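For what it's worth, the working numbering labels the leading residue of the sequence shown as 179, then goes sequentially. See structure below.
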Amino acid sequence: VIDAKTIEDRFISDIKDLVRYEPGVTVRRAPSRFTAAGSSTGRDRDSGFNIRGLEGNRVLITVDGVRVPDAFSFGAQSVGRGDYVDLDLLKSVEILRGPASALYGSDGVAGAVSFITKDPRDFLSDSKLVGGGLRSSYDSSDDSWTNGFVVAGKTGDIEAMVAYTRRDGHETETKGSNDTATTDRTTANPQDIESNALLGRLVWAPNDANRLRLTYEHFSSVVDTDVLSAIAKPPLAATSVIGLTAHDTTERNRGTLDYRYIGAPLIGGIVSGIRAAGYYQKSLTLQAAAENRNTAADRTRINRFDNEVYGGTLQLESRAATGPLTHLFAYGADYSHTRQTGVRDGTVAPAGEVYPTRAFPTTDYTLVGVFAQDEIAIADGLLTLFPSIRYDHYKLNPQNDPLFTTFV
Numbered sequence: 179v180i181d182a183k184t185i186e187d188r189f190i191s192d193i194k195d196l197v198r199y200e201p202g203v204t205v206r207r208a209p210s211r212f213t214a215a216g217s218s219t220g221r222d223r224d225s226g227f228n229i230r231g232l233e234g235n236r237v238l239i240t241v242d243g244v245r246v247p248d249a250f251s252f253g254a255q256s257v258g259r260g261d262y263v264d265l266d267l268l269k270s271v272e273i274l275r276g277p278a279s280a281l282y283g284s285d286g287v288a289g290a291v292s293f294i295t296k297d298p299r300d301f302l303s304d305s306k307l308v309g310g311g312l313r314s315s316y317d318s319s320d321d322s323w324t325n326g327f328v329v330a331g332k333t334g335d336i337e338a339m340v341a342y343t344r345r346d347g348h349e350t351e352t353k354g355s356n357d358t359a360t361t362d363r364t365t366a367n368p369q370d371i372e373s374n375a376l377l378g379r380l381v382w383a384p385n386d387a388n389r390l391r392l393t394y395e396h397f398s399s400v401v402d403t404d405v406l407s408a409i410a411k412p413p414l415a416a417t418s419v420i421g422l423t424a425h426d427t428t429e430r431n432r433g434t435l436d437y438r439y440i441g442a443p444l445i446g447g448i449v450s451g452i453r454a455a456g457y458y459q460k461s462l463t464l465q466a467a468a469e470n471r472n473t474a475a476d477r478t479r480i481n482r483f484d485n486e487v488y489g490g491t492l493q494l495e496s497r498a499a500t501g502p503l504t505h506l507f508a509y510g511a512d513y514s515h516t517r518q519t520g521v522r523d524g525t526v527a528p529a530g531e532v533y534p535t536r537a538f539p540t541t542d543y544t545l546v547g548v549f550a551q552d553e554i555a556i557a558d559g560l561l562t563l564f565p566s567i568r569y570d571h572y573k574l575n576p577q578n579d580p581l582f583t584t585f586v
């Protein structure tokens, strides 16, 4: 577990720095040397976590229990999973190595990374009704500034919080020495990067046992790139590239209503804990490129990837003791329904294609899972075992889409 204090003390600004000292966990990041229609190198930025050699959608990534959108790549379009959350909004990051299928879902083949956002009471106490903080930092690796604030308060049983972070930066410096505007270039391509992150949370806690939270989270980023490494060297052909610029935007919005009970046993003394949540999340990634060619017609590419999901979870907990063993049973179910869409548009389409088109049909993806786990503590916790079982039902339903011409 990496907590907020560690993130602040180490001046961690992105997920690559976050796992620098975590054995078996890395983040893939390539320099931005993509093209308009062919290569996608570096366009996914911090693409996601690699745990023991497996990455991409094989690693489960959640924010307050809600899955971040899937990774996707097609041609010059590449959408990663690592840049959907700002670390300034986090209370902790939990990294689980190895299969995490029982409680989290069977898509956590390599492991799971769980982002937990901050709460109002992280800045308050019984005698402190208003709290917050300001933060400003600078990172020389990409000449970036980070500025943010948190304001929290409470009255009676109600607590509230608003946190905001703004980042402005540029390309990450490299050890390259050739800064010519040709394919021989080894220095980084010029970039302007900005992001905005907002977290709003309202909490009702009438007593220590019950808590109801309403959360809204927003994240957006814009990256403008002058891809000098794509410019051709003389002699020039008609289709040689003499200029390439890119404008990439990412946005994610999430709303969650969750309830937690931890107290005296309920339902005949069986249930000692309840966790329930309902959520809605919508994300958009738009990648645009304008390519100036020598004498041939200039071409543009506009690639879009949308992910919309709603769902809910219910988890119950029970406790028992059998001789020297203590048991914490966790059991429940979760449900989610996701719609994924993508559109490819632009000018001067490849041979045999007509824009707009899709790389895949509009698809609905439904997941239902039920699970049970027994956390067995032996010798006062000296040894802990976690036998568990989970059943998942998946349903993939592609739509008959006129923009996906190869649909059968």
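By construction, the Cβ of each residue, glycine as well, lies at the ideal position given by its N, Cα and C atoms. Treat the numbers as computed from the prediction; the structure is a model and nothing was measured.
Contact annotation: G226 and A249 have beta-carbon atoms nearer than 8 Å. Inclusion of V400 and E469 in the CB contact set at 8 Å is not warranted, their separation being larger than that value. Taking a cut-off of 8 Å on C-beta distances, the region 372-379 touches the region 259-270, as three or more cross pairs fall below it. Residue pairing by DSSP puts A498 in a beta bridge opposite H505. Its chain contains D264, D266, G326 and A375 as the residues whose beta carbon lies nearer than 6 Å to that of T343, once the 5 sequence neighbours on both sides are disregarded; these appear in chain order. Within the DSSP bridge table, the entry for T463 names T428 and F483 as partners.
Burial check for F483: the Cβ neighbour count within 10 Å reaches 16 or more, so the residue is buried. Distance between V308 and P298, taken at the CA atoms: about 9 Å. I239 and I445 have their C-alpha atoms spaced approximately 33 Å apart.
Between V405 and L422, the C-beta spacing is below 8 Å. Distance from the CA atom of R479 to the CA atom of K306, rounded to whole angstroms, is 54 Å.
Following the DSSP letters along the chain, one finds I185 in no beta strand (DSSP E) but inside the alpha helix (DSSP H) bounded by residues A182 to D187. Apart from the 5 residues on each side of it in sequence, D320 sits with its Cβ closer than 6 Å to the Cβ of G347, H348 and T350 in its chain, given in chain order. With contacts defined by Cβ atoms closer than 8 Å, Q577 and A508 do not form a contacting pair. For R517, the beta-bridge partners assigned by DSSP are E486 and D542. Boundaries of the beta strand (DSSP E) harbouring D346: I336 to H348, taken from the DSSP string. If the five residues before and after T544 are omitted, its C-beta is found closer than 6 Å to the C-beta atoms of H515 and K573, all from its own chain and listed in chain order.
In the DSSP assignment, S251 forms a beta bridge with S256.
Look at D300 here: in three-state DSSP terms it is helix. In the structure shown, the three-state DSSP call for Y282 is helix. Going by beta carbons, G220 and R211 fall inside the 8 Å limit.
Relative to Y457, the option among R223, L435 and A442 whose CA is nearest is L435.
Between I294 and A359, the CB-CB gap reaches or exceeds 8 Å. In this structure, the CA atom of A537 is about 38 Å from the CA atom of K296.
Residues of the same chain with a CB within less than 6 Å of the CB of N431, apart from the 5 flanking positions on each side, are H396 and K460 in chain order. With fewer than 16 other beta carbons inside 10 angstroms of its own, E186 counts as exposed.
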